[in-house]
Amino acid sequence: MKTNALADLEAVPSMDPGRKVRKNSFWKNVRKQHVLLWMSVPIMIHLAVFQFVPLWGWLMAFTDYKIGRSIIGAEWVGFKHFEELFRNDYFLKALRNNFAMNFMQLIVGTVCAVGLAIVLSELRSKAFVRIVQTMTYLPHFVSMVVVANIFVMLLSPDSGLLNTLLMKLNWIDEPIFFFGQPTWFWVLHTLILTWKGFGWGAIIYLASIAGIDPSLYDAASVDGATRWQRVKYIVIPCIVPTLVLLTILSIGSLLTGGFESQFLLGNVITAEYSEVISIVALRLGLNKGDFSFGTAVGIFNSLVSLTMVLGVNAIARRYQTNLF
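Residue numbers for the sequence shown follow the numbering used here, beginning at 17 and rising by one.
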């Protein structure tokens with residue numbers, strides 16, 4: 017009997033020492049970083065108040081909500097507004113425009129930012145580099161309202177600088193209304209936003225290039241590598257993780273991104289190609305008072321963007337360049 021009792025006691029699993037160590041380590045880190053934790057409290061409150069609490073309003077997408085009434089008391093209609101969403105011609109065109117313009121901006125902007133960063137990192141004249149950096153960074157700090165007005169004036173058919181120059185060179189016989197050509201809007205929008213943001217986007221790539229181990233350059237020089245070969249076999253592979261990270265962060269804005277620039281640069285003539293989902297939500301949700309439909313548009317945007325970010329991150333995880 018005694019032997020059996022001892023065997024039973026020994027068979028009882030003891031407390032996992034690793035769990036206790038992890039618990040003590042957790043509270044030790046909390047005490048060590050309590051200042052940082054307290055500093056993060058306002059950020060968490062801001063997120064809760066302005067990001068999570070408003071999610072209560074998503075209920076409007078499933079009800080026939082009318083302004084002045086309670087959301088709870090509104091008539092429940094289920095997925096009626098989502099069905100209308102996919103049958104709406106304006107929404108389908110806006111969805112196409114969102115994908116097209118943001119995808120073009122992502123590709124062209126990334127290529128220009130990476131190219132600028134590589135060129136600046138290879139230049140020997142530091143004074144010239146600083147001048148170029150300043151000139152390319154400045155447009156980022158200019159309001160989109162100002163940028164839109166600048167390009168509308170430059171491309172205006174009435175004494176616009178570009179039209180005047182082309183006519184002086186006898187390349188055209190009469191002024192061109194650039195913002196009156198619907199099929200040109202995607203290209204014009206991409207070029208304008210690229211001009212505004214590619215200098216600022218190059219900052220992160222410059223920092224990534226600056227962090228490359230100098231011994232790699234020394235080894236390449238010993239092997240007789242040319243400047244282009246150093247860029248091709250050292251610089252570009254070393255900035256790929258940064259490129260993938262920024263691409264993942266940008267994927268989520270393929271649907272949600274875009275409102276201000278399209279709203280300012282677009283007009284009635286180009287509405288078929290300039291109107292994006294956010295403008296449709298504004299026009300139908302606020303201007304016409306259909307808040308339920310506008311909320312359904314917002315939910316669709318959020319869910320599709322989240323799915324795209326998770327999908328791209330899962331693909332990047334296979335190559336160990338994922339964000340999370």
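Note that the Cβ used here is the ideal one computed from N, Cα and C, for glycine as well.
- the stretch 237 to 249 contacting the stretch 302 to 312, beta-carbon criterion three pairs below 8 Å: no
- Who are the Cβ neighbours of residue 267 in its own chain at under 6 Å, not counting the five residues just before and after it? 324, 325, 328
- Query: Which of helix, strand or coil does DSSP assign to residue 311?
  - Reply: helix
- Task: Keeping to the same chain, check which residues put their C-beta closer than 7 Å to that of residue 76; ignore five residues upstream and five downstream.
- Result: 87, 307, 308, 311
- State whether the stretch 282 to 296 contacts the stretch 129 to 143, with contact taken as three or more CB pairs (one from each stretch) at a distance under 8 Å. no
- Message: Please give me, in chain order, every unbroken run of the alpha helix (DSSP H) with length at least 4 that falls completely inside the stretch 238 to 295.
- Response: 243 to 246, 252 to 267, 269 to 272, 276 to 281, 287 to 290
- Using 10 angstroms around the beta-carbon of residue 131, count the other beta-carbons present and answer buried if the total reaches 16, otherwise exposed. exposed
- Message: Give me the residue from 71, 316, 332 with the minimum Cα distance to residue 102.
- Response: 316
- Item | Cα-Cα separation between residue 150 and residue 252, rounded to whole angstroms | 24 Å
- Message: Which runs of the alpha helix (DSSP H) at least 4 residues long sit entirely within the stretch 55 to 138? Give them in chain order.
- Response: 96 to 103, 105 to 138
- Query: With distances taken from CA atoms, which of 152, 120, 290, 155 is nearest residue 199?
  - Reply: 290
- Give, in chain order, every unbroken run of the alpha helix (DSSP H) that is at least 4 residues long and sits entirely within the stretch 139 to 175. 142 to 153, 160 to 170
- Item | Whether residue 110 touches residue 280 by CB criterion (7 Å) | no
- Where residue 26 falls: helix, strand or coil (DSSP): Bear in mind that the predicted position of residue 26 carries a pLDDT of just 49, short of 50, making it unreliable; the figure below should be weighed with that in mind. Residue 26: helix per DSSP, three-state reduction.
- Message: Here's a check: name, in chain order, each residue in its chain whose Cβ is nearer than 8 Å to the Cβ of residue 91, leaving out the five neighbours to either side.
- Response: 79, 80
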